[in-house]
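**Q** My numbering puts the first residue of the sequence shown at 18, with every later residue one more than the last. In this text, a Cβ means the ideal position worked out from N, Cα and C, and glycines have one as well. Provided herewith is a single structure, encoded as structure tokens, for subsequent inquiry.
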Amino acid sequence: GVIKTAKYLASSMRDGYMIEFTPRSDITVDYWDYTSYDVSEKSHFSKQQEKIEFNYHYNKSIMIRDIGFVIKVHGHILKSAYISQHGVVYMANEFKTGSSMRSFGIVGAISRKGDFATATKNDTFYIIWYDLKICKFDPEILVDLQMRFYKNGIVQIELVHVYGRPTNCNLTMEILDGFCQMNRDGSVTMVEKKVWKLASYPSSRIFLGNRFEFTPRSNLSWVY
Numbered sequence: 018g019v020i021k022t023a024k025y026l027a028s029s030m031r032d033g034y035m036i037e038f039t040p041r042s043d044i045t046v047d048y049w050d051y052t053s054y055d056v057s058e059k060s061h062f063s064k065q066q067e068k069i070e071f072n073y074h075y076n077k078s079i080m081i082r083d084i085g086f087v088i089k090v091h092g093h094i095l096k097s098a099y100i101s102q103h104g105v106v107y108m109a110n111e112f113k114t115g116s117s118m119r120s121f122g123i124v125g126a127i128s129r130k131g132d133f134a135t136a137t138k139n140d141t142f143y144i145i146w147y148d149l150k151i152c153k154f155d156p157e158i159l160v161d162l163q164m165r166f167y168k169n170g171i172v173q174i175e176l177v178h179v180y181g182r183p184t185n186c187n188l189t190m191e192i193l194d195g196f197c198q199m200n201r202d203g204s205v206t207m208v209e210k211k212v213w214k215l216a217s218y219p220s221s222r223i224f225l226g227n228r229f230e231f232t233p234r235s236n237l238s239w240v241y
């Protein structure tokens with residue numbers, strides 16, 4: 018089955034350009050990988066910003082027991098969210114050890130300060146992470162990134178600010194399934210992880226207003 022695919026634009030094909038594949042030890046790849054969501058890309062610029070009242074969180078992960086509506090997708094019921102400072106959100110019906118959950122995140126992202134904001138409006142759940150480092154080889158590049166979760170299961174990831182000019186950098190987004198492990202301090206760990214979708218884009222796609230939309234597929238099929 019497909020374990021990893023990587024696509025790059027012609028602009029990346031030059032002498033001395035190296036692509037490194039590093040195996041991850043904490044993940045097993047599910048046979049559903051790459052068929053569970055369709056991904057589209059669109060540049061979005063709007064002079065009129067929708068008025069949304071955000072709650073701000075500083076340098077700590079938080080749990081939201083009820084995001085205000087229910088998302089039903091691929092057999093999951095998602096109504097609770099556990100949000101990490103570092104560009105990852107876990108979603109579940111409820112968080113207790115052994116319960117199933119799904120995560121949406123930016124691979125390798127590290128928040129400079131740990132600040133993010135959340136909001137719910139019109140059956141849409143919003144998260145904005147501020148000052149995320151997403152470039153392994155260029156730590157000075159920072160992005161503000163917004164995720165939007167819709168009741169129909171669609172997820173949008175948008176670059177709402179890009180600081181600097183990425184040149185040797187990838188933006189990699191992943192969706193995982195797994196099970197909840199509650200820790201003594203109240204934090205959440207995902208165990209028995211399986212990849213449901215992985216999408217990676219080069220530096221040329223990392224710019225203000227670029228939006229990636231993940232649409233869940235209902236006619237899932239096995240990939241061998």
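For residue 160 and residue 58, what's the separation of their Cα atoms in angstroms?
**A** If I take the Cα positions, the gap works out to 17 Å.
**Q** Apply the 10 Å Cβ neighbour rule to residue 206 and answer buried if 16 or more other Cβ atoms are within range, or exposed otherwise.
**A** Per the 10 Å Cβ criterion, exposed.
**Q** Out of 92, 93, 112 and 85, which one is the CA nearest neighbour of residue 200?
**A** Per the Cα distances, 112.
**Q** Out of curiosity, what's the CA-to-CA distance linking residue 138 and residue 127?
**A** For residue 138 and residue 127, the distance between alpha carbons rounds to 27 Å.
**Q** Would a C-beta distance cut-off of 7 Å place residue 86 and residue 168 closer than the cut-off?
**A** A contact, by the Cβ cut-off of 7 Å.
**Q** Against chain D, with Cβ distances strictly below 7 Å, would residue 134 count as a contact?
**A** Protein chains in the displayed structure number just one, and chain D is not present.
**Q** With residue 197 as the anchor, note down where its beta strand (DSSP E) starts and where it stops.
**A** Taken as a continuous stretch (DSSP letters only), the beta strand (DSSP E) holding residue 197 covers 187-199.
**Q** Is residue 119 helix, strand or coil by DSSP?
**A** Strand.
**Q** Are the beta-carbon atoms of residue 212 and residue 193 separated by less than 7 Å?
**A** For residue 212 and residue 193, yes; Cβs fall inside 7 Å.
**Q** Determine the extent of the beta strand (DSSP E) in which residue 72 is found, giving its start and end residues.
**A** Segment 72-75, the beta strand (DSSP E) holding residue 72.
**Q** Near residue 227, what residues of its chain come up, given a Cβ to Cβ distance below 6 Å and the 5 sequence neighbours on each side ignored?
**A** If we look at residue 227 and ignore the five residues flanking it on each side, its Cβ neighbours are 60 and 176.
**Q** Helix, strand or coil: how does DSSP classify residue 222 here?
**A** Correct three-state label for residue 222: helix.
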